[in-house]
Ligand SMILES: C[S@@+](CC[C@H](N)C(=O)[O-])C[C@H]1O[C@@H](n2cnc3c(N)ncnc32)[C@H](O)[C@@H]1O
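Residue numbers (the numbering used here): 2 to 386.
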């Protein structure tokens, strides 16, 4: 599989002076940290680069989503994803008493606003909509989005600092949140897995091979020089968000693979990727705080984590198949095909959501339930996980 280009090969657009200063301050802090405590694991590096309380990517308030940012997610393209999710959610909400929707990692609040609006139209709003969000600046943004688009339901929305700690019933809906969890980068060397860690060389941040570590990865990946990732916090995170769900279901959408595809012998440089102003590259240490970092999701590991947490994985399919099964054609038809700007924008959105070369096949949907029968999923691929 082809390697991804490095930041300098791409000649990435120069950051504005204010953003540059912010990244330099964060880099300096990371270097001081390394000088005092030694090299940083990739998980710790991710924590600094994405979640440093003031300068981290998800906390610093700079534009990230949409045309003026670094990447675009499905809810930012339009209402199509939410329209179909609402179709999936509606019969389940009707089955539950006092249901809540919990959305971890809500970005700009676009999905929350569109989903609440679609559910309102179907007359099946949940009693409450909880957003579990780590970023203060994004919380402000989410509130503003919801207030602007569905002001009459704002009172149902609550922001959580930690996963629910009391028993609740409802649905967990997450888009592109699992890929943001910090990974452990690993390389295979002399018959052992070793962590890749971040240190300094001539005042530059660099990756070096660290200690040998235990890693439960497929034998196909055990070849000299192979680089890959796993996500140690995946299972604890899944357990935390599902722990007190008494009855309900979960839908997580993200880019990723089954375990067999993830640790394919030819995927020799892993899936970790940086996004800056809509360019994807593999220079993960470039300008900490200014670019998004993520890894593809190992959906087999995610299903395993759900199972271990007492949820029953119930469905797995591509985003395209899921959206087609839950009404995307009706969404497109409602916009009309009259050549108006609105209909053309919807057509474009539908293409981006479903084409294999866009999000359609790269993004997968995993469904799970606890004590609730889910609508049947055509072409369910759960057996592949
Ligand atoms: C790539 S963005 C996706 C945003 C949104 N779901 C969308 O589709 O546009 C990742 C989101 O997850 C949030 N996030 C990252 N780690 C998180 C965690 N451990 N718990 C909850 N949210 C988290 C980020 O702050 C951000 O809102």
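We put the CB at the ideal spot given by N, CA and C, even for glycine. Bear in mind that the values here come from a model prediction, so they are computed numbers and not experimental data.
| Query | Result |
| --- | --- |
| If you check the beta carbons only, do residue 230 and residue 170 fall under 7 Å apart? | no |
| Buried or exposed for residue 290, going by 16 or more other Cβ atoms inside 10 Å? | buried |
| Thinking C-alpha only, which one of 124, 155 and 196 is nearest residue 44? | 196 |
| How big is the Cα-Cα spacing for residue 42 and residue 185? | 7 Å |
| Using a Cβ-Cβ cut-off of 6 Å (strictly less than) and excluding sequence neighbours within five positions of residue 126, which residues of its own chain qualify? | 120 |
| Check whether the Cβ of residue 33 lies closer than 6 Å to any heavy atom of ligand 1, and answer yes or no. | no |
| Is residue 263 near ligand 1, going by C-beta to nearest heavy atom under 6 Å? | no |
| How long is the line joining the alpha carbons of residue 356 and residue 324, rounded to whole angstroms? | 12 Å |
| Rounded to a whole number of angstroms, what is the C-alpha to C-alpha distance between residue 112 and residue 74? | 10 Å |
| Give me the Cβ distance between residue 326 and residue 378, rounded to the nearest whole Å; I'm assuming they're in contact under 8 Å. | 6 Å |
| Return the residue from the list 58, 273, 278 and 300 that minimises the CA-CA distance to residue 262. | 300 |
| Go ahead and pull the three-state DSSP assignment for residue 180. | helix |
| Could you pull out every residue in the same chain whose Cβ sits closer than 8 Å to the Cβ of residue 3, ignoring the five residues on either side in sequence? | For residue 3, the predicted structure reports a pLDDT of 38, less than 50, and the residue's modelled location is therefore unreliable. The matter cannot be settled from this model. |
| Say yes only if the C-beta of residue 43 is nearer than 6 Å to one or more non-hydrogen atoms of ligand 1, and no if none qualify. | no |
| Are residue 313 and residue 365 closer than 7 Å when you measure CB to CB? | no |
| CB residue 27 to CB residue 53, shorter than 7 Å? | yes |
| Using the three-state DSSP reduction, which class does residue 154 fall into: helix, strand or coil? | helix |
| Could you tell me which whole beta strand (DSSP E) segments of length 3 or greater appear in the region 100–127? | 101–105 |
| Comparing alpha-carbon positions, which option in 143, 297 and 258 lies nearest residue 383? | 258 |
| Measuring alpha carbon to alpha carbon, tell me which residue in 182, 271, 128 and 15 is nearest residue 222. | 271 |
| Considering only the beta carbon of each residue, do residue 1 and residue 66 sit closer than 7 Å? | Any property of residue 1 remains undetermined from this structure, which presents the chain solely from 2 to 386. |
| Over the uninterrupted beta strand (DSSP E) stretch that includes residue 310, give me the two end residues. | Careful: residue 310 lies outside any beta strand (DSSP E) and carries neither H nor E. |
| Taking the continuous alpha helix (DSSP H) assigned at residue 260, which residues delimit it? | 260–263 |
| Measuring only the C-alpha atoms, how far is residue 138 from residue 62? | 6 Å |
| Got a sec: does ligand 1 put a non-hydrogen atom nearer than 6 Å to the Cβ of residue 135? | yes |
| I'd like the ranges of any beta strand (DSSP E) spanning at least 3 consecutive residues and lying wholly in the region 240–307. | 246–258, 274–277, 280–282 and 293–295 |
| Under 8 Å by Cβ, that's how I've got residue 304 and residue 373 pegged, so tell me the actual separation to the nearest angstrom. | So it is not a contact: roughly 17 Å between Cβ atoms. |
| Just checking residue 76 against ligand 1 - is the residue's beta carbon closer than 6 Å to any of the ligand's heavy atoms? | yes |
| Hey, out of 227, 179, 163 and 245, whose CA is closest to residue 194's CA? | 227 |
| Shorter than 6 Å, the distance from the beta carbon of residue 239 to the closest heavy atom of ligand 1, or not? | no |
| In the structure shown, what three-state DSSP assignment does residue 170 receive? | strand |
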